[in-house]
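Q:
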Amino acid sequence: MINSNEDKISVVVPVFNRQKYIKRCLDSLTNQTFRNLEIIIVDDGSTDNSVEMIRDYIESSIDKNIYLITLKENKGVSYAKNVGIESAKGNLIGFVDSDDFIELNMYEKLYEKYKETNADIVDCDYAIQSETNNIKRISIPNYIFQLSEKEQKKHLIRNHGRIVTKLFKKNLFVHNKIRFPEGLIYEDNEAIISLILCAQKFEKIDEHLYYYWQSEKSITRTPNNPAFFDRLITSENIINNAVKQGYYYEFQEEINIRFIELYYINTIISCVTKFDKVPYQKLGEIKKGVYKHISSIEENIYYKNIPLKQRIYHKIFQFNIRIFIFIIKNEFIMKRYLKRC
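Here the sequence shown is numbered in my numbering, starting from 31 and rising by one per residue.
(1) Would you kindly check if the distance between the Cβ of Ile331 and the Cβ of Glu283 is under 8 Å?
(2) Assign Leu56 to one of three DSSP states: helix, strand, or coil.
(3) Quick one: any contact between the stretch 146 to 158 and the stretch 228 to 246, if contact means 3 or more CB pairs under 8 Å?
(4) How would you label Lys339, buried or exposed, when you count the other beta carbons within 10 angstroms and need 16 or more for buried?
(5) Near Ile295, what residues of its chain come up, given a Cβ to Cβ distance below 8 Å and the 5 sequence neighbours on each side ignored?
(6) Which ranges does the alpha helix (DSSP H) cover as unbroken runs of at least 4 residues, wholly within the stretch 241 to 298, from first to last along the chain?
(7) So, helix, strand or coil for Tyr310, using DSSP?
(8) Compute the Euclidean distance between the alpha carbons of Thr60 and Arg352, then round it to the nearest angstrom.
(9) Please report the residue range of the alpha helix (DSSP H) in which Arg352 lies.
(10) Between the stretch 70 to 83 and the stretch 101 to 114, are three or more C-beta pairs nearer than 8 Å?
(11) With contact counted as at least three CB pairs below 8 Å, one residue from each stretch, are the stretch 259 to 267 and the stretch 177 to 197 in contact?
(12) Return the chain-ordered list of same chain residues with a C-beta closer than 7 Å to the C-beta of Arg188, the five sequence neighbours on each side being excluded.
(13) If Ile115 sits next to Asn95, beta carbons under 8 Å apart, how far is it from one beta carbon to the other, in whole angstroms?
(14) Excluding sequence positions up to five away, which residues of its chain have a Cβ less than 6 Å from the Cβ of Ser224?
(15) Let's see if you can read the secondary structure: which residues bound the beta strand (DSSP E) around Asp155?
(16) Using the rule of at least 16 other Cβ atoms within 10 Å of the residue's Cβ for burial, across every protein chain shown, is Tyr321 buried or exposed?
(17) Beta-carbon separation of Cys301 and Lys318 under 8 Å?
(18) By the three-class DSSP mapping on this structure, what secondary structure does Lys199 have?
(19) Taking a contact to mean a Cβ-Cβ separation below 8 Å, would you say Leu122 touches Thr63 in this structure?
(20) Is Tyr293 buried or exposed, if buried means 16 or more other CB atoms sit within 10 Å of its CB?
(21) Thinking Ser108 and Glu237 are a contact (beta carbons under 8 Å), I'd like their distance in whole angstroms, please.
(22) Measuring alpha carbon to alpha carbon, tell me which of Asn47, Arg192, Lys359, Ile222 ends up nearest Lys304.
(23) If you run the structure through DSSP and keep just helix, strand and coil, what is His190?
(24) For Glu89 and Ile263, what's the separation of their Cα atoms in angstroms?
(25) Using the beta-carbon count (16 or more within 10 Å), is Glu217 buried or exposed?
(26) Helix or strand or just coil, what does DSSP make of Glu142?
(27) DSSP three-state call for Asp218: helix, strand or coil?
(28) Return the residue from the list Glu82, Ser169, Ile99, Ile357 that minimises the CA-CA distance to His190.
(29) Distance, Cα to Cα, Leu177 vs Ile226?
(30) Whose CA, out of Asp93, Leu202, Arg65, lies closest to the CA of Lys139?
(31) So which of Arg192, Val113, Gln244, Ala221 has the shortest CA-CA distance to Thr162?
(32) Quick check on Ile168: does DSSP put it in helix, strand or coil?
(33) Buried or exposed: which applies to Arg261, given that a residue is buried once 16 or more other Cβ atoms fall within 10 Å of its Cβ?
(34) Would you list the one or two residues that DSSP bridges to Leu67?
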């Protein structure tokens, strides 16, 4: 493919202890059919052989647009992504997790759609692949991208997919001063909504081009992890950022329902299933904290779209936290038992 000389895609790959997967990831990037691509690998203080493997890979590669930045200490994935953004020379930017891989024509297809439409964000479908090699394909409905800009935003705030499946104009980050929240996990939840609010044009490729590797050892799936509660901060930041950007009141219902899902509904269930000792104090804080930002959960126009079971859980939680914990814990135990049978 012949690429425009003025267009370059920078792909940021944050790495922390991914020696098992990094070669597969880099193979899928260095063999992209889109050639005007720079690969920025930011190692976030790995303690395994990731850095040595990356250096060997770069030395032996014929692709000279691979750059390795090594951080002296582990500062978190958000910091690594922000370093990548600051280092990017391309006018377009994407992100790939170091344990994932992509189709060899992913960036060519995303670029072609960008060139055709001048979209601020171009997305594609993706597949979730588990350690048992089960594959689940995920698609954002195509009709969304036929709607007006405002209606697109309303849908995408609520169903935005993953940041790694997208190609962005780098100016979205630069002009709007959008960065990932450092020192926190669940960083994508916060950043992607800010990007959507600031963008004006969205497009999508109707193909599964990204493969998301779902590991039981990932930081967001690790049990008893205090960093799990970072999701409360990033969820509050979604509202705070939207207010600062001047978009909150225009998209209040959509932003609030996303906050309700991330801060409240999903979190109270995970507090029971992800912790051996249920954090009662945190559950109490969440019960009070949700109403600091919104006056009513049930009055949100999208509340009825939340699955019935989760709405029932919400009612039980509001009535009695201990009964809620009893129900969730026993359902979780039963699911694990049936899975083993």
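Here a beta-carbon is modelled for each residue, glycine too, at the ideal position from N, C-alpha and C.
A: Put simply:
(1) The beta carbons of Glu283 and Ile331 sit closer together than 8 Å.
(2) Helix, per DSSP.
(3) Short answer: they touch.
(4) Counting of Cβ neighbours within 10 angstroms places Lys339 among the exposed residues, the total staying below 16.
(5) Contacts found: Ile336, Gln340, Tyr343, His344.
(6) Positions of the alpha helix (DSSP H) runs, each at least 4 residues long and wholly inside the stretch 241 to 298, are given as 260 to 275, 282 to 289 in order along the chain.
(7) The answer is helix: DSSP assigns Tyr310 an H, G or I state.
(8) Between Thr60 and Arg352, the C-alpha separation is close to 53 Å.
(9) Arg352 -> alpha helix (DSSP H) spans 351 to 370.
(10) Result yes; three or more Cβ-Cβ pairs closer than 8 Å.
(11) Three or more Cβ pairs closer than 8 Å define a contact, and the stretch 259 to 267 falls short of that threshold against the stretch 177 to 197.
(12) The beta carbon of Arg188 is closer than 7 Å to those of Glu284, Ile287, Arg288, Tyr332 in its chain, skipping five residues each way along the sequence.
(13) In this structure Ile115 does not touch Asn95 by the C-beta definition: roughly 17 Å separates them, more than the 8 Å allowed.
(14) These residues qualify, in order along the chain: Ile208, Asn271.
(15) For Asp155, the enclosing beta strand (DSSP E) begins and ends at 151 to 160.
(16) By the neighbour-count rule (16 or more Cβ atoms within 10 Å), Tyr321 is not buried but exposed.
(17) No, the Cβ-Cβ distance between Cys301 and Lys318 is not below 8 Å.
(18) Note: Lys199 maps to strand in three-state DSSP.
(19) Contact flag unset, no.
(20) Burial call: buried.
(21) With a Cβ gap of about 29 Å, Ser108 and Glu237 do not count as contacting.
(22) The residue with the shortest Cα to Cα distance from Lys304 is Lys359.
(23) Of the three classes helix, strand and coil, the one that applies to His190 here is coil, per DSSP.
(24) Going from the Cα of Glu89 to the Cα of Ile263 covers about 41 Å.
(25) So Glu217 counts as buried.
(26) In the structure shown, Glu142 sits in a helix (DSSP, three-state: H, G or I).
(27) Annotated three-state conformation of Asp218 is helix, per DSSP.
(28) Nearest of Glu82, Ser169, Ile99, Ile357 to His190, Cα basis: Ser169.
(29) A straight-line Cα-Cα distance of about 15 Å links Leu177 and Ile226.
(30) Nearest option by C-alpha distance: Arg65.
(31) Ranking Arg192, Val113, Gln244, Ala221 by CA distance to the CA of Thr162 puts Gln244 first.
(32) Reduced to three states, the DSSP call for Ile168 is strand.
(33) Buried, because 16 or more other Cβ atoms sit within 10 Å of the Cβ of Arg261.
(34) BP columns for Leu67 point to Ile39.
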